[in-house]
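Numbering (my numbering), first residue to last: 470 to 647.
Yeah, the Cβ is synthetic: ideal placement off N, Cα and C, and Gly gets one too.
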């Protein structure tokens with residue numbers, strides 16, 4: 470009894486019953502609009518339709534604004550697509566010099582932040598600079614924003630990118646007038 474009433478309501482108001490499974494909705498759509506099941510009423514002569522016909526213009530919507538006919542099945546990518554990443558070694562922790570950068574000083578200058586230029590005396594060599602992590606930078610009393618920016622820039626440099634392309638200048642302080 471309850472399932473019949475749910476079917477009736479779901480055919481009338483498909484958007485209100487989005488939690489109904491796709492299979493159930495497709496089953497409701499596949500029933501022909503001419504099919505109307507009648508039950509005899511208590512009076513005997515009148516019959517009440519238990520299922521209302523579905524017009525071709527109404528299509529139920531499922532969690533998106535696309536009709537069922539337009540939905541594409543979601544598939545997970547196969548492992549073949551990820552094959553280049555399986556056997557590729559990770560980038561070198563201490564990268565070679567490239568893009569006209571020969572020292573820690575050149576690297577920090579290319580990042581376009583004046584506060585980073587002051588950090589050249591905290592790192593004695595190229596190896597020490599690229600072996601440092603967040604904790605070692607914290608022990609050298611480097612600001613949190615500078616640490617995060619430096620670690621991000623160091624990782625991009627390890628992957629072979631030019632610091633002139635990815636360097637981001639500091640934003641000017643906002644002035645509040647009034």
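- Under a 10 Å Cβ-count criterion, residue 608 is classified as exposed, with fewer than 16 other Cβ atoms of the shown protein chains found around its own Cβ.
- Scanning 639, 643, 646, 623 for the CA closest to the CA of residue 596 turns up 623.
- Inclusion of residue 581 and residue 638 in the CB contact set at 7 angstroms is warranted, their separation being smaller than that value.
- Taking each of 627, 634, 584, 631 in turn and checking the Cα distance to residue 559, the smallest one comes out for 627.
- Around the beta carbon of residue 611, 16 or more other beta carbons sit within 10 angstroms, so the residue counts as buried.
- With fewer than 16 neighbouring CB atoms inside 10 Å of its own CB, residue 613 falls in the exposed class.
- Around the Cβ of residue 593, a 10 Å sphere holds fewer than 16 other Cβ atoms; the residue is exposed.
- Residue range 613–627 is occupied by the alpha helix (DSSP H) that includes residue 620.
- Secondary structure note for residue 598: its alpha helix (DSSP H) is the uninterrupted segment 595–600.
- Shown here, residue 647 sits in coil according to DSSP, grouped into three states, outside any helix or strand.
- With contacts defined by Cβ atoms closer than 7 angstroms, residue 577 and residue 591 do not form a contacting pair.
- Within its own chain, the residues whose Cβ lies closer than 8 angstroms to the Cβ of residue 602, once the five positions on either side in sequence are excluded, are 620, listed in chain order.
- For residue 584, the enclosing alpha helix (DSSP H) covers residues 583–586.
- Using a Cβ distance threshold of 7 angstroms, residue 616 and residue 606 count as a contacting pair.
- With contacts defined as CB atoms closer than 7 angstroms, residue 584 and residue 574 fail to qualify as a contacting pair.
- Around the beta carbon of residue 598, a 10 Å sphere encloses 16 or more other beta carbons of the protein chains shown; the residue is thus reported as buried.
- Counting the other Cβ atoms within 10 Å of the Cβ of residue 565 gives fewer than 16, which makes it exposed.
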